[in-house]
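Visitor: Please find one structure pasted underneath; my questions will follow.
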Amino acid sequence: MTDIEKLVHQEWAAVECDRRIPISDPADGHELFAAPVSSPTEVDAAASAARSAAAAWARTPATARAAAVHRAADAVAARADDLARLTTLEMGKPLGDARGGVDAGVGTLRQYAELGPVHRGRSLNGGFDATDLMVPEPRGVVAAITPWNDPVAVSCGLIGAALVTGNTVVYKPSERTPATGWLLARILSEHLPDGVLNLILGDGEAGARLVDQPIDVVAHVGSTATGRAIARTAAGTGTKVLLENGGNDPLIVDADVDPEWAAAQAALGAFANAGQICVSVERIYVHAAIAEPFLAALVAKARALRMGPGLEPRVELGPLVDRRMRAHVHGHVEQAVGAGARPLVGGDIPVGPGSFYPATVLTGCTDDMAVMREETFGPVAPVAVVDTFAEALERAGQGEYGLAATVLTRDLAHATRAWRELPAGTVKVNNVFGGAPGGAAHPRRASGHGYGYGPELLDEMTQTKVVHLAAPPR
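Residue numbers for the sequence shown, in our numbering: 696 to 1169.
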């Protein structure tokens, strides 16, 4: 594999730090390469390069910035197969899913290239001899710190929104998918001026150094622990923070739905990308009236999933990103079983190489179990049977997270009550992964704050200047 380099001031060069992080193929465990970690000096230089380019990029006409992002989107589309393959090699998801993530990233770049030039403020009705304006301006330098589970789609969203609004970027991809981040930055940078996009590499140490820099926005998608650490640092510097942290998304299955269809929705929500999606279904509350056929159908769907290396055709369930993640997932399952839950399928670590974990269905789960209380982030569907819709709604609303929730029901009153009462930023009715392309996410509570995606992200990337223009005395 090509040696991964840093990008500062439009110059690609070898990373100076001697520390490296081994990256292994999660399908078989063999080492792919050792990724370099940017030194503190290199992180400082990247932030300085972004700062030095900020004024000129902010003065660049919005249409010119948008044209550059359009060209970058076309270039990413042309390398979609390469980016998808790297994603699968580094984190394991099936190749078709990886390609879907790249396509989503291209679509987001193009969307922001269209929205950027029409992003506007407003005028106010004041006195006849004065004009009052509210004008959006770039914030300056944005640190984009992105995750490994969908590296291209998330990175394109944050970087694209920052660029079209006139900000410069220091990009730090996850240490688990550094080659994917490196290739994406290499493609994007070819269509941008000097210093507008800069790349650093490394783990939490490099990320913490970046957050300590005099930058204007930290946009982070990742773990709750990292998000909280960023928020603590930003509280002392005044840096604006956009956070999408972890979630513990519930699925409510009402008594009046078809159990086979509901099981298909649950399986998709819990097992897609091996459960490694920010808005995966993490806990299920099913009405007792249909619990038996629902569980039977869910178990059948779990058993039918084809598990294997993501590069192989027709694979539906790839490995977890690494064995550390697998140990975390299995720890949740073991704790639940020890506390009285019953595995209907899965629940055991497979023999053999890689970091595979089978699709697992647990029944008899209670809300005090870690698998119901915390983010498992694996292909596990823990199920609790409830007697009423009201009970499901109450229990689904408990906990510290507020990312998303899903309700499956034929009852309009139940649907309306659910989206009104559930304390989540996104509530989906009758579709676990539904949503319009321009929709924004607005996490709550421990899941973060600030808009992600949609036109609203452009608002987050800008600051408003209020201008009062009065005529001089005659």
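Heads up, the beta-carbon is just placed ideally off N, CA and C, and yes, glycines get one too. Values in this document were obtained by computation on a predicted structure and should not be read as measured data.
What are the complete beta strand (DSSP E) segments, minimum 3 residues, inside the segment 824-860?
Guide: 825-833, 836-840
Visitor: Could you round the C-beta distance between Leu-1015 and Ser-1050 to whole angstroms and report it? I think they count as a contact, below 8 Å.
Guide: With 8 Å as the limit, Leu-1015 and Ser-1050 qualify as a contact, their Cβ atoms being about 5 Å apart.
Visitor: By DSSP, does His-982 sit in helix, in strand, or in coil?
Guide: strand
Visitor: Give me the residue from Ala-729, Ser-747, Leu-937, Thr-1101 with the minimum Cα distance to Ala-965.
Guide: Thr-1101
Visitor: Would DSSP call Leu-778 helix, strand or coil?
Guide: helix
Visitor: DSSP state of Thr-872, grouped into three classes?
Guide: coil
Visitor: Comparing C-alpha positions only, which one of Arg-1112, Glu-1089, Tyr-1148 sits nearest to His-1137?
Guide: Ranking Arg-1112, Glu-1089, Tyr-1148 by Cα distance to His-1137 puts Tyr-1148 first.
Visitor: Would you report the Cα separation of Glu-1116 and Val-813, rounded to the nearest angstrom?
Guide: 35 Å
Visitor: In angstroms with no decimal places, state the Cα-to-Cα distance between Ala-1119 and Ala-1091.
Guide: Distance between the alpha carbons of Ala-1119 and Ala-1091 is about 10 Å.
Visitor: If you draw a straight line from the C-alpha of Thr-921 to the C-alpha of Ala-825, how long is it?
Guide: 47 Å
Visitor: Which value, in whole angstroms, describes the spacing of the CA atoms of Asp-698 and Leu-878?
Guide: 11 Å
Visitor: Just mark Phe-1163 as buried or exposed, buried being the case when its beta carbon has 16 or more other beta carbons within 10 Å.
Guide: Position check: residue 1163 holds His in this sequence, whereas Phe was assumed. With fewer than 16 other Cβ atoms within 10 Å, it is exposed.
Visitor: Mark Leu-819 as exposed unless 16 or more other C-beta atoms lie within 10 angstroms of its C-beta, in which case mark it buried.
Guide: exposed
Visitor: By how many angstroms is the C-alpha of Ala-914 removed from the C-alpha of Thr-932?
Guide: Their Cα atoms are separated by approximately 15 Å.
Visitor: Measure the alpha-carbon distance for Leu-1152 versus Gln-1158 and round it to whole angstroms.
Guide: 12 Å
Visitor: Which residue's Cα is closest to the Cα of Gly-897: Ala-775, Ala-959, Ser-733?
Guide: Nearest Cα to Gly-897 within the set Ala-775, Ala-959, Ser-733: Ser-733.
Visitor: What are the start and end residues of each continuous beta strand (DSSP E) run of 3 or more residues lying completely inside the segment 871-923, in chain order?
Guide: Taking only runs of at least 3 residues, the beta strand (DSSP E) segments lying wholly in the segment 871-923 are 892-894, 912-916.
Visitor: Round the Cβ separation of Gly-970 and Val-1075 to the nearest angstrom and send it over; I've been treating them as touching at under 8 Å.
Guide: Between Val-1075 and Gly-970 the Cβ distance is about 6 Å, and since that is below 8 Å, they are a contact.
Visitor: Quick check on this structure: which residue in Asp-798, Arg-998, Val-1124 has the alpha carbon closest to the alpha carbon of Ala-775?
Guide: Asp-798
Visitor: Determine, using beta carbons only, whether Ala-742 and Leu-938 come nearer to each other than 8 Å.
Guide: no
Visitor: Are Asn-968 and Lys-701 close, meaning C-beta to C-beta below 8 Å?
Guide: no
Visitor: Compute the distance between the beta-carbons of Val-837 and Leu-804, then report whether it is under 8 Å.
Guide: no
Visitor: If distances are taken between C-alpha atoms only, which option among Pro-1004, Ala-997, Ala-995 comes closest to Gly-724?
Guide: Pro-1004
Visitor: To the nearest angstrom, how far is the alpha carbon of Gln-1093 from that of Gly-1041?
Guide: 27 Å
Visitor: By Cβ distance below 6 Å, which residues in the same chain neighbour Val-703 in space, the five residues on each side in sequence not counted?
Guide: Ala-740, Ala-741, Ala-744, Asn-893
Visitor: So which of Arg-1037, Val-1032, Thr-1061 has the shortest CA-CA distance to Ala-1079?
Guide: Thr-1061
Visitor: Can you name the residues that DSSP bridges to Trp-707?
Guide: Leu-702
Visitor: Kindly indicate which three-state DSSP category Met-1002 falls into: helix, strand or coil?
Guide: strand
Visitor: Please check the pair Lys-935 and Arg-1019, which I expect to be a contact at CB under 8 Å, by giving their CB distance rounded to whole angstroms.
Guide: Rounded, the Cβ-Cβ distance is 32 Å, inconsistent with contact.
Visitor: Let me know if Lys-867 comes out buried or exposed under the rule of 16 or more other beta-carbons within 10 Å of its beta-carbon.
Guide: By the neighbour-count rule (16 or more Cβ atoms within 10 Å), Lys-867 is buried.
Visitor: Specify the secondary structure class of Gln-971 as computed by DSSP and reduced to three states.
Guide: Note: Gln-971 maps to coil in three-state DSSP.
Visitor: Strictly by DSSP, which residues pair up with Phe-728?
Guide: Its beta-bridge partners are Ile-718.
Visitor: Taking the straight line between their C-alpha atoms, what separation do you get for Arg-1021 and Val-1066?
Guide: 14 Å
Visitor: Assign Glu-638 to one of three DSSP states: helix, strand, or coil.
Guide: Residue 638 lies beyond the stretch modelled for the chain, which goes from 696 to 1169, so this question has no answer here.
Visitor: As a quick exercise: from Gly-802, Thr-872, Arg-871, pick the residue whose alpha carbon is nearest that of Gly-855.
Guide: Gly-802
Visitor: Checking the sheet assignment: what are the DSSP bridge partners for His-1163?
Guide: Asp-827
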